[in-house]
Amino acid sequence: MDEQPAIQDSSTAFALPPIQGHLMFKDVNFAYVPNRPVLKHNSFEALPGQKIGLCGPTGAGKSTLINLITRYYDIDSGDILIDGYSLYDVRKDSLRQQIGIVLQEPFLFSDTVMNNLRYARLDATEKVCIEAAKQANTHEFIERLPNGYDTLLAKRGSNLSQGQGQLLTIARMMVQNPRLVILDEATSNVDTRTEQHIQEALTRLMAGRTSFVIAHRLSTIRDSDQNLVLKSGEIVERGTHDSLMQQQGLYHELYMSQFKGKLAVVTGNVLP
Ligand SMILES: Nc1ncnc2c1ncn2[C@@H]1O[C@H](COP(=O)(O)OP(=O)(O)O)[C@@H](O)[C@H]1O
Ligand SMILES: [Mg+2]
Numbered sequence: 429m430d431e432q433p434a435i436q437d438s439s440t441a442f443a444l445p446p447i448q449g450h451l452m453f454k455d456v457n458f459a460y461v462p463n464r465p466v467l468k469h470n471s472f473e474a475l476p477g478q479k480i481g482l483c484g485p486t487g488a489g490k491s492t493l494i495n496l497i498t499r500y501y502d503i504d505s506g507d508i509l510i511d512g513y514s515l516y517d518v519r520k521d522s523l524r525q526q527i528g529i530v531l532q533e534p535f536l537f538s539d540t541v542m543n544n545l546r547y548a549r550l551d552a553t554e555k556v557c558i559e560a561a562k563q564a565n566t567h568e569f570i571e572r573l574p575n576g577y578d579t580l581l582a583k584r585g586s587n588l589s590q591g592q593g594q595l596l597t598i599a600r601m602m603v604q605n606p607r608l609v610i611l612d613e614a615t616s617n618v619d620t621r622t623e624q625h626i627q628e629a630l631t632r633l634m635a636g637r638t639s640f641v642i643a644h645r646l647s648t649i650r651d652s653d654q655n656l657v658l659k660s661g662e663i664v665e666r667g668t669h670d671s672l673m674q675q676q677g678l679y680h681e682l683y684m685s686q687f688k689g690k691l692a693v694v695t696g697n698v699l700p
């Protein structure tokens with residue numbers, strides 16, 4: 429994990445009550461370095477249970493936007509509200525406890541598989557953890573490890589494949605059971621079968637929860653309630669997959685370029 433600047437709670441900060449998962453960005457402006465804006469006038473709303481896709485070119489600000497929701501950085505102006513509470517009025521630990529994050533790199537500890545699953549909810553029973561592992565398509569894999577759920581993982585899960593590490597972090601998220609989940613889709617080179625297992629586990633994880641998906645392949649956000657297209661820190665297009673395709677703008681362009689790339693692989697044709 430990168431070193432993050434220490435964000436302080438205000439002296440009057442209170443614990444965020446259990447949330448439903450309603451998120452609002454109101455004219456949010458943010459810069460890492462003064463006078464070099466990274467996010468500009470971002471406004472959007474996610475209703476409880478909705479799936480929101482984030483896409484756009486590298487450097488557009490997708491990861492930055494996510495880092496603002498978890499309050500790793502404070503904004504310069506505007507407001508971010510969860511269930512009507514400004515993030516800046518509540519204690520950040522109480523905020524982060526209610527958000528589940530699956531990042532590209534699995535975040536695992538040198539501890540047993542069971543303790544890794546429990547990490548976000550220490551009082552979770554073994555039964556709950558095993559059920560979560562089943563939902564995340566990783567129970568059979570764990571059972572095949574030398575000591576099953578008691579197997580010690582190496583630091584950062586380096587004795588697992590990348591795909592297995594991801595499935596374990598998805599299982600952990602199911603144990604945590606947050607109302608809001610954030611997924612930075614893996615661009616990893618997992619095999620097709622593992623990829624299917626991951627997609628299936630993620631679909632189960634997102635069901636009934638507000639979810640933000642940073643999509644590198646737009647095919648994974650075709651079923652979103654809303655997709656936001658970021659370009660140079662601005663939300664330049666928004667809507668469902670179908671409406672964005674009809675607009676024939678940047679989203680359409682990104683989608684078609686990925687689609688053509690895929691066709692070229694399937695047919696063996698190499699594009700000029
Ligand atoms: N910690 C940081 N300090 C300064 N600039 C950053 C930092 N992280 C990202 N940036 C810059 O902010 C912009 C948006 O980056 P990022 O949110 O990572 O984009 P994306 O996830 O869409 O690829 C880029 O210009 C990037 O160089
Ligand atoms: Mg990014």
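Residues are numbered in our numbering as their position in the sequence shown, beginning at 1, plus a constant of 428. Glycine is no exception: its CB is placed at the ideal position from the N, C-alpha and C atoms. A quick note: this is a predicted structure, and the numbers were derived from the prediction, not measured.
Query, Result
"Let me check you understand the geometry: is the CB of G489 closer than 7 Å to at least one non-hydrogen atom of ligand 1?", "yes"
"May I have the straight-line CA-CA distance separating G512 from A474, to the nearest angstrom?", "12 Å"
"In the region 532–559, which residue ranges form an unbroken alpha helix (DSSP H) of at least 4 residues, counting only runs that do not cross its ends?", "541–546"
"Going by DSSP, what residue range makes up the alpha helix (DSSP H) through E628?", "T620 to M634"
"Please report how far the alpha carbon of I508 lies from the alpha carbon of P476, in whole angstroms.", "15 Å"
"Tell me whether V461, by its Cβ, gets closer than 7 Å to a heavy atom of ligand 1.", "yes"
"Check S639 in the structure and name its three-state DSSP category.", "strand"
"Thinking C-alpha only, which one of Q592, A434 and H680 is nearest H567?", "Q592"
"When the distance is taken between beta carbons, is S514 closer than 8 Å to L444?", "no"
"Between which residues of its own chain and L646 is the CB-CB distance below 7 Å, once the five residues before and five after are set aside?", "C483, L682, Y683 and Q686"
"Tell me whether G481 counts as near ligand 1, meaning its Cβ is closer than 7 Å to at least one heavy atom of that ligand.", "no"
"By DSSP, does E662 sit in helix, in strand, or in coil?", "strand"
"Measure the CB-CB distance between L672 and I642 and report whether it falls below 8 Å.", "no"
"Going by beta-carbon coordinates alone, are N457 and G487 separated by less than 8 Å?", "no"
"Around the Cβ of A635, are there at least 16 other Cβ atoms within 10 angstroms (buried) or fewer (exposed)?", "exposed"
"Taking 7 Å as the cut-off, does the CB of T492 come closer than this to any heavy atom belonging to ligand 1?", "yes"
"With DSSP as the reference, identify every bridge partner of S514, one or two as the case may be.", "L509"
"With DSSP as the reference, identify every bridge partner of Q654, one or two as the case may be.", "I480"
"With DSSP run on the structure shown, which of helix, strand or coil describes L699?", "Because L699 sits at a pLDDT of 46, beneath the cut-off of 50, its placement in the model cannot be relied upon, and the following sentence gives the value as read from the coordinates. Three-state result, L699: coil."
"Quick one: what's got a C-beta closer than 7 Å to K490's C-beta in the same chain, skipping five residues either side?", "L482, G484, I642 and L658"
"How long is the line joining the alpha carbons of L656 and L595, rounded to whole angstroms?", "26 Å"
"Given the structure, does V466 come close to ligand 1, in the sense that its CB is under 7 Å from one of the ligand's heavy atoms?", "yes"
"So, helix, strand or coil for A599, using DSSP?", "helix"
"On the premise that G528 lies in contact with Q604, defined as a C-beta separation below 8 Å, what is that separation, rounded to the nearest angstrom?", "5 Å"
"Tell me which same chain residues have a C-beta within less than 7 Å of the C-beta of D504, skipping the five on either side of it?", "N457, F458 and A459"
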